[in-house]
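Trainee:
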Amino acid sequence: MRRALRIAVAAAGGFALAVAQSKLQRPAPVLPIPPRAKPPPATLPPNPVAAIPLQRSFGWGFAFALAGAAAGVLLLCYAVAALLLVGVGLWGTNIPFVWGFDLINYVWWIGIANAASLFAVILVLRRHGLRTAVNRFAEAAALAAVAAAALYPILHLGRPWLFYWVIPYPATFAVWPQFRSTLVWDLWGIMSHVVVTSLFWYTGLIPDLATMRDRAQLRGRLAAARLYGLFALGWRGSVAHWARHQAAYRLVAALVLPMLVSAQSIVAFEFATTLVPDWHQGRVPLHVVATGIPSGLGVVLALAVVLRGTLGLARFIDEDDMELLARLMAAASLACLWLYLDELVSAWLEEDATRQATAARVIGPYAALWWGGLVLTTLVPQLLWFAHIRRSAPAAIAIGLGAAAGVWLDRFSLVAGGLLHDHMPRIGPAYAPTTPEWTLLLGTAALFALMMLVFARLIPVVAMYEIRHEESEAEAP
Amino acid sequence: MGGTSLPRLADLDTRPGRRTVLRAAGASLALASAAGCGPEEWGDPLHALPRGVAAEDATYATVLDLEGIGRGVLVRTRAGHPVKIEGNPDHPGSLGATDPFLEAAVLSLHDPARSRTVRRAGRVPRGAAATTPDAAVEALRGEGLHILTGPVTSPTVARLVEAVRTAHPGVRWHAWSPLADEAAEGTRRAVGEPVAILHDPARAACILALGGGLLDPGPAQLHHARRWSEARAAGRESGALPALIVAESTPSLTGTKADRRLALPPQEVDALARAVAADLGLPVAGTHAEAAPIAAALRRAGPAALVTAARGQPASVHALALAMNLALGTVGTTLHLLPPLHTPADGTLADLAQAIAAGTVQRLLILDSNPAFAAPAELDLPALLARVPVSVHAGLHVDETALACAWHVPLAHPLESWGDSRAPDGTAAIRQPACAPRIATARSAEDLLAALAGLEQRGEALIRATWPDLDDEAWRIALEAGLIANSAPPPRAATLAASFDPGPPPPPAQGLVALFAPDPHLWDGRFASDAWLQELPHPLTKQAWGNAALVAPADAARLGLADGSEVLLSLAGRTIRTPVIILPGQAPGVVTLPLGGGRRAAGDVDPAIGLDAYRIRPAATPWAAPGLDLDAPDSARVALVRAGWHHPADARDPPMARSVAPGAAIPPLPPQPSLYPEWSYPGRAWGMTVDLDTCIGCNACTIACQAENNTPVVGAEEVARGREMHWLRIDLHTETDGGGTFQPVPCMHCEKAPCEIVCPVNATVHDHEGLNVMVYARCIGTRTCSNNCPYKVRRFNWSGYARAPGAVPVRNPEVPLRPRGVIEKCTYCQHRINAATTHARLEGREIRDGEIETACQRACPTRAITFGDVNDPDSAVSRAKREGRNYALLGELGTRPRTTYLARIRQGEPGA
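Chains as they are written, first to last, in the numbering used here: chain A, 556 to 1032; chain B, 898 to 1809.
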């Protein structure tokens, strides 16, 4: 059963199956999730989380997954090279459907990134118990998703090598960017997102990097110790360090919070500020921000299940954590259902052009996308309210990734379907993605997977200091 | 470098999407080493003009023929290259306007796929002596010589044929066109002898167009359209608009402008003509339900009435139309009778086929004619040509006839050779070369005939010899003016033949009727190698890169057909397979088969493009053939390439193309608030109006814009993806009855341009005169501007269309070539504005109104487009914008477009 799950996991996410081959780890049953049992600390092996990155070998399965992801990234390199050499004519875009997978995938990845870090930030700020379990990889997932997303705004340009013209620098010919353009706002949005998300992730990582440094030194791996030590910034674990770290960590987390809303909204402004009837609605930013949450939570949920299963972390990401995550996701989906209903109702109340444009999206040639998004994002996750479903690992993975796919369909429906009925309704060729576009999507998914694999290989996937803190709290009288 | 190297060059580009363009437009690399006239390297200018071309520009007046009839043009050349064709305002055949065929002539001149070498048996012979055209001419000397030409109005060609006759007694001359109909026979039945008819709708109050045709493509389209628009303008002034009643079997441009349109099968058009004629008192019998009110409307108009019969109508309808005009007394007001313009030949193609079959043809010279492709299939011309011992074909391309003949001689392009021809009113004009011959071996038809006649003269001397009355001064004046003044024959009078008999009516149709019609852009097939014309969307079906059989919606529903369904069409035992397009307004029971597609050998054009209706065209009934068998054996559908924009009827309210009742006005929009500050334009402010009342959707503006602005050709695959690049598209707003309104949509140059505020890099901005300018060098290709343009007039270079190998090999050096990845769009011909501004400044004066004409405006045969300074209250454009029917497209969005439209005027249905 466990082997079957592993295969399923590897097939679904391509993620770190082989880490489970680790001989150091304690075997942990995954299915069904056992009732929470707190064995006395003395029986635990010395911190398996820290031991994982220091293993010499992760086994053939990890190598296999890493090779798969690396091959995917090579494919991405090929797609990017082809794009730069041949141009965006490779895509299925046209007039008026000038944007295709470039914007669809961009908005989608940003949504995942935002929801994942939103989730992590809220946990940090609320000092929620769940944060020990999922924070680290939620942040890592956010960072990987931002990296995948950040490729698109550059690659989507007709002349990508000139992307820096969007940056206000004192050019010799004194031309400045058009500051009224949402695309310029978006540059700041995505750049801030990259900086703050990585800062957030890195700040939380510093004490653990120090731990890794020390353990690597204990094992006599001096090169690894130096590397970890470099990034640990001389952390010694003094009280002053801890105080400043906690202040900084919470400060960065607070920084992330408004930006998550703003970054997503700015992306949505690229649509909402145009004259296109279906896009030109005040509700679009809310829709984009809110529907992004189930997709990010879905990815985090799926990752949590995978990590639990493959890294044997059931002790740290326990059943209560999973329950909480699943319920959160179901609740977010329920909110999205309300937004979908709002879309229909506000279209009904809007003027003719908007009403017809929304109708074209909902019942037109791209209707399957809209309905697919509705079902996968809002209806299917409602199954998570049932305990036996949310406790089933395959179901959780399927529902989580399904929600991400559903939001992808929603983005497709927005970018392409929103243009179906413009101010000058027309009969003409529509948009359909081409192989180079699918290759690019696959490539960025591989990039995401590769970053997560490297993360699992090099860095503690669960915040060790938080666990120590939690366990010491539990032991305290 | 010969044509043989082209496929290799084409293969260099592995992207299938570019293949068709490569085949059609050829490789410009081939051009680089070709003999030519001026710098072969055009450069790829983006920031500045290429060196050396700016200083030398010149314009030549000359004349280009269609069906032998001349339309005067002005050829603008740059550094020796003809780059743009414009109408010669003084020439009665063009009146300053152009049609798509004229505009495309610069491209066919530069076509790298043009024939460059003499061929024997389809191959380039060895040995220098054998490769000159003289060898072919020598082979023609002897007994049994026949000459086949197209229709000829040229006095020089007629004179030279006589000279050949003197040198070779017994020579027989056959003049033939696949699109010649029985008009001459019809006029003979009406007035006893064949006459040429010149319609002059300028003074018409009521027009009955039998079979459409008046405003449709053809040698007299420009004349008709301009004169009709004048009648329309006068009618708008006086309040009495001319009525246009159209009875036609298949929708046409004329039909879309009709006040009343009747969709009738061909035999009913004849019946209606008889019934109206009977009502007008002519000695014919016939009844038709619609006849009485139409006759009453014509009678009311009296001498200001006009009855026209379209190309392809039977002799009876031509006869009836002329008889009705005579009965109404229109001769002299709306109609002029002229002696036949075409020089009568000894016979036609059928006689030649008979002679070949009888074995009397020993030698055959085919001048610029393609019978192996366009002759009725039952004549089996390719097999017959093989039986002629010495056959010489002279043509621009190695076409079907060239491959069937023993010899092929490259023909000089009309833009590089001397000649002459007559306008629709008979005015003669000299055709002078606008550049040095691009192909050394090519000969003009005149030179070939002169060589055959043993004359020493060539080129200019031949033409001058035809016009001995013109002394040096008069000759120079004729060349400069582009016509020979007062050379038109005086109009003649005619009376109805005493025993007037229009001839028997066509037989009642059994089953479907096949209606053969010239393709609006390929004509009889001769323009199939022209990439501009191939990519130009058909005015009504919006199909590009191909054609299809047109069926009526009722027939399609009965037979279970949809757009693109493949059907087998059989006529008298011959079958073709073709996709269909369902066309509203098509008469039930009629299937229209456009001619000219499916060329098997036309330069580098893909032979798979279009259907070849000649394969089933019967010799006896070449225009309307009853007994068509339509079979849809399988439910196969092909993806039709449709460009342009087709709008569903009543897509929005108010409609995009608006109509008003005569005298009615469109209420102006309430003032629209804006967050952004108002800009003032203290100097000039450019604006444009497009008059939907006179636009006939002829596509001349679209292709003129393409030629002027180096707009690239993208090929069938890219058009199918929705990536056509035409800066000026013509939207068609169809109505269910087959009518429709054309709406040319260039950039609106909005004062509150939505495109400008979304561009992150300021690549599209306003200038001080209100132009919405596009800075190509600054564009990074986000395409956001297109998203925010409600008119969707912006185009994107998905590939390096203009600069890739195989791109269109003719360029206007004044306009930069856009690289891959940038947006482009209509500039209001900014370079023309700049040139006129500079010119005026040099002369120390202000720009005069009308001094700047945009390319689209210059081409328009109906003067529907007006351009000028909206700050000047007396300018033509300001006057147009003050009209009550002026409105802004999507004006309610607050974009404040500088391009506005004048609504179409719809009057009650006359003759209803």
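Where is the CB? At the ideal position from N, CA and C, for every residue including glycine.
Counting only beta-carbon separations shorter than 7 Å, does B:Leu1787 have a partner in chain A?
Mentor: Locating residue 1787 of chain B in the second sequence gives position 890, counting from the first residue. Answer yes: the Cβ-Cβ gap between B:Leu1787 and chain A drops below 7 Å somewhere.
Trainee: Which residues mark the beginning and the end of the beta strand (DSSP E) in which B:His1096 is found?
Mentor: Reading the second sequence from its first residue, position 199 is the one you call residue 1096 of chain B. Ala1093 to His1096 is the span of the beta strand (DSSP E), which, as asked, contains B:His1096.
Trainee: At which residues does the beta strand (DSSP E) containing B:Ala1613 begin and terminate?
Mentor: As a working mapping, residue 1613 of chain B is identified with position 716 in the second sequence. Note, B:Ala1613: premise wrong, no beta strand (DSSP E); alpha helix (DSSP H) at Ala1613 to Ala1617.
Trainee: Does B:Met1553 get closer than 7 Å to chain D when you measure Cβ to Cβ?
Mentor: The chain labelled as chain D is not found among the protein chains of the depicted structure, namely A and B.
Trainee: Chain A beta carbons: is any one of them nearer than 7 Å to that of B:Trp1372?
Mentor: As a working note, residue 1372 of chain B is residue 475 in the second sequence. It does not: the Cβ of B:Trp1372 has no partner Cβ on chain A nearer than 7 Å.
Trainee: Give, in chain order, every residue of the region 968-981 of chain A whose Cβ lies closer than 8 Å to some Cβ of chain B.
Mentor: Hits within the stretch, in order: Leu974, Asp977, His978, Met979, Pro980 and Arg981.
Trainee: What three-state label does DSSP hand B:Tyr1798 in the structure shown?
Mentor: As a working mapping, residue 1798 of chain B is identified with position 901 in the second sequence. Note: B:Tyr1798 maps to strand in three-state DSSP.
Trainee: According to DSSP, what are the bridge partners of B:Met1585?
Mentor: Counting from one through the second sequence, the residue named residue 1585 of chain B turns up at place 688. According to DSSP, which records beta bridges pairwise, B:Met1585 is partnered with B:Phe1764 and B:Thr1796.
Trainee: Measuring only between beta-carbons, confirm whether A:Gly713 sits less than 7 Å from chain B.
Mentor: Taking the first residue of the first sequence as 1, we reach residue 713 of chain A at position 158. It does; some Cβ of chain B falls within 7 Å.
Trainee: Quick test of the definition: if touching needs 3 or more C-beta pairs under 8 Å, does the region 1187-1203 of chain B touch the region 1219-1235 of chain B?
Mentor: Judged by Cβ distances under 8 Å, the region 1187-1203 of chain B makes contact with the region 1219-1235 of chain B, as three or more pairs qualify.
Trainee: By DSSP's criteria, B:Met1671 is part of a beta bridge. Which residues make up the other side?
Mentor: For the purposes of this step, residue 1671 of chain B is taken as residue 774 along the second sequence, with counting starting at 1. According to DSSP, which records beta bridges pairwise, B:Met1671 is partnered with B:Thr1661.
Trainee: List, in order along the chain, the chain B residues whose C-beta lies closer than 7 Å to that of A:Thr737?
Mentor: As a first step, residue 737 of chain A is located in the first sequence; it is residue number 182 there, counting from the start. Those are Val1655, listed as they occur along chain B.
Trainee: For A:Leu717, go through chain B and note every residue whose CB falls closer than 7 Å to its CB, in chain order.
Mentor: Working through the first sequence from its first residue, we reach residue 717 of chain A at position 162. Within chain B, the residues near A:Leu717 are Ile1677.
Trainee: Looking at the C-beta of B:His1233, does it have a partner C-beta in chain A at a distance below 7 Å?
Mentor: Taking the second sequence and counting its residues from 1, one reaches residue 1233 of chain B at position 336. Judged by the 7 Å Cβ criterion, B:His1233 is not in contact with chain A.
Trainee: Would you identify the three-state DSSP class for A:Ala510, choosing helix, strand or coil?
Mentor: In the structure as shown, chain A begins at 556 and stops at 1032. Residue 510 of chain A is therefore absent and cannot be evaluated.
Trainee: Pick out whichever of B:Ile1094, B:Trp1304, B:Thr1324 and B:Arg1340 has its Cα sitting closest to the Cα of B:His1310.
Mentor: Position 413 of the second sequence holds residue 1310 of chain B. With distances taken between Cα atoms, B:His1310 lies closest to B:Arg1340.
Trainee: Contact defined as beta carbons within less than 8 Å: I believe B:Gly1493 pairs with B:Trp1420. What is the distance between those atoms, to the nearest angstrom?
Mentor: The residue labelled residue 1493 of chain B in the question sits at position 596 within the second sequence. The residue labelled residue 1420 of chain B in the question sits at position 523 within the second sequence. Contact flag correct, Cβ pair sits at about 6 Å.
Trainee: I'd like the list of long-range same chain contacts for A:Ala695, defined as Cβ closer than 7 Å, with 5 residues on each side in sequence excluded.
Mentor: Within the first sequence, the letter at position 140 stands for residue 695 of chain A. So the list reads Trp756, Met1007 and Phe1010, once near-sequence residues are dropped.
Trainee: Could you check whether the Cβ of A:Asn649 sits closer than 7 Å to any Cβ belonging to chain B?
Mentor: What you label residue 649 of chain A is simply residue 94 of the first sequence in a count that begins at 1. Chain B, which has a Cβ nearer than 7 Å to the Cβ of A:Asn649, makes this yes.
Trainee: Identify which residue in B:Asp1176, B:Ala1250, B:Leu1281 and B:Ala1093 has its Cα closest to the Cα of B:His1239.
Mentor: The sequence position of residue 1239 of chain B within the second sequence is 342, counting from 1. The option with the nearest alpha carbon to B:His1239 is B:Ala1093.
Trainee: Name, in chain order, the residues that DSSP records as bridge partners for B:Val1410.
Mentor: The residue labelled residue 1410 of chain B in the question sits at position 513 within the second sequence. Note: B:Val1410 sits in a beta bridge opposite B:Val1487 and B:Pro1523.
Trainee: Kindly list the residues whose CB is nearer than 7 Å to the CB of B:Cys1682, restricted to its own chain and excluding five residues on each side of it in sequence; keep chain order.
Mentor: On the second sequence, residue 1682 of chain B is found 785 positions in, with the first residue counted as 1. Closer than 7 Å at the Cβ level, and outside the excluded window around B:Cys1682, lie Cys1652, Val1655, Cys1656, Thr1661, Arg1691 and Ile1720.
Trainee: Within the 7 Å Cβ cut-off, does B:Asn1606 reach chain A?
Mentor: In the second sequence, counting from the first residue as 1, residue 1606 of chain B sits at position 709. By this cut-off, B:Asn1606 is not an interface position.
Trainee: Hey, how far is the Cα of B:Leu1057 from the Cα of B:Pro997?
Mentor: Position 160 of the second sequence, counting from 1, holds the residue named residue 1057 of chain B. Position 100 of the second sequence, counting from 1, holds the residue named residue 997 of chain B. About 31 Å.
Trainee: Please return the same chain residues whose Cβ sits closer than 6 Å to the Cβ of B:Glu1432, not counting the five positions on each side in sequence.
Mentor: By 1-based counting over the second sequence, the position of residue 1432 of chain B is 535. Within the same chain, B:Glu1432 has close Cβ partners Ala1441 and Val1610.
Trainee: Starting from the beta carbon of A:Gly983, find every residue of chain B whose beta carbon is closer than 8 Å, and list them in chain order.
Mentor: The residue labelled residue 983 of chain A in the question sits at position 428 within the first sequence. Residues of chain B passing the Cβ test: Arg1539, Trp1542, His1543 and Gly1619.
Trainee: Quick one: Cα of B:Pro1386 to Cα of B:Ala1250, how far?
Mentor: If you number the second sequence from 1, residue 1386 of chain B lands on position 489. If you number the second sequence from 1, residue 1250 of chain B lands on position 353. Going by the C-alpha atoms only, they are around 34 Å apart.
Trainee: What's the C-alpha gap between A:Leu858 and A:Phe824?
Mentor: In the first sequence, the residue the question calls residue 858 of chain A occupies position 303. In the first sequence, the residue the question calls residue 824 of chain A occupies position 269. If you take the alpha carbons of A:Leu858 and A:Phe824, they lie about 30 Å apart.
Trainee: Residues in the same chain with beta-carbon distance under 7 Å from A:Pro601, minus the five sequence neighbours each way, listed in chain order, please.
Mentor: What you label residue 601 of chain A is simply residue 46 of the first sequence in a count that begins at 1. With a pLDDT of only 49 at A:Pro601, under the threshold of 50, the placement of this residue in the model should not be trusted, and no figure is reported.
Trainee: Can you give the Cα-Cα distance for B:Ala1406 and B:Leu1480, rounded to whole angstroms?
Mentor: The sequence position of residue 1406 of chain B within the second sequence is 509, counting from 1. The sequence position of residue 1480 of chain B within the second sequence is 583, counting from 1. Approximately 21 Å, taken between the alpha carbons.
Trainee: Measuring only between beta-carbons, confirm whether B:Arg1626 sits less than 7 Å from chain A.
Mentor: Mapped onto the second sequence, residue 1626 of chain B falls at position 729. Answer no: the Cβ-Cβ gap between B:Arg1626 and chain A never drops below 7 Å.
Trainee: Three Cβ pairs or more, each shorter than 8 Å: is that satisfied between the region 1552-1566 of chain B and the region 1733-1741 of chain B?
Mentor: They do not touch, by the three-pair rule.
Trainee: So is A:Ala592 in contact with chain B if we call contact Cβ pairs under 7 Å?
Mentor: Taking the first residue of the first sequence as 1, we reach residue 592 of chain A at position 37. Bear in mind that a pLDDT of 41 at A:Ala592, under 50, signals an unreliable position, so the number given afterwards is only what the model happens to contain. With 7 Å as the cut-off, A:Ala592 does not count as an interface residue toward chain B.
Trainee: Buried or exposed for A:Met1019, going by 16 or more other Cβ atoms inside 10 Å?
Mentor: Start at 1 with the first residue of the first sequence, and residue 1019 of chain A comes out as number 464. Under this definition A:Met1019 is a buried residue.
Trainee: Residue range of the alpha helix (DSSP H) that A:His943 falls in?
Mentor: As a position in the first sequence, residue 943 of chain A is number 388, starting the count at 1. Unbroken alpha helix (DSSP H) run through A:His943: Ala942 to Arg945.
Trainee: Measuring CA to CA, which of B:Leu1119, B:Cys1103, B:Arg1782 and B:Pro1075 is closest to B:Pro1758?
Mentor: One-based indexing of the second sequence puts residue 1758 of chain B at position 861. Nearest of B:Leu1119, B:Cys1103, B:Arg1782 and B:Pro1075 to B:Pro1758, Cα basis: B:Leu1119.
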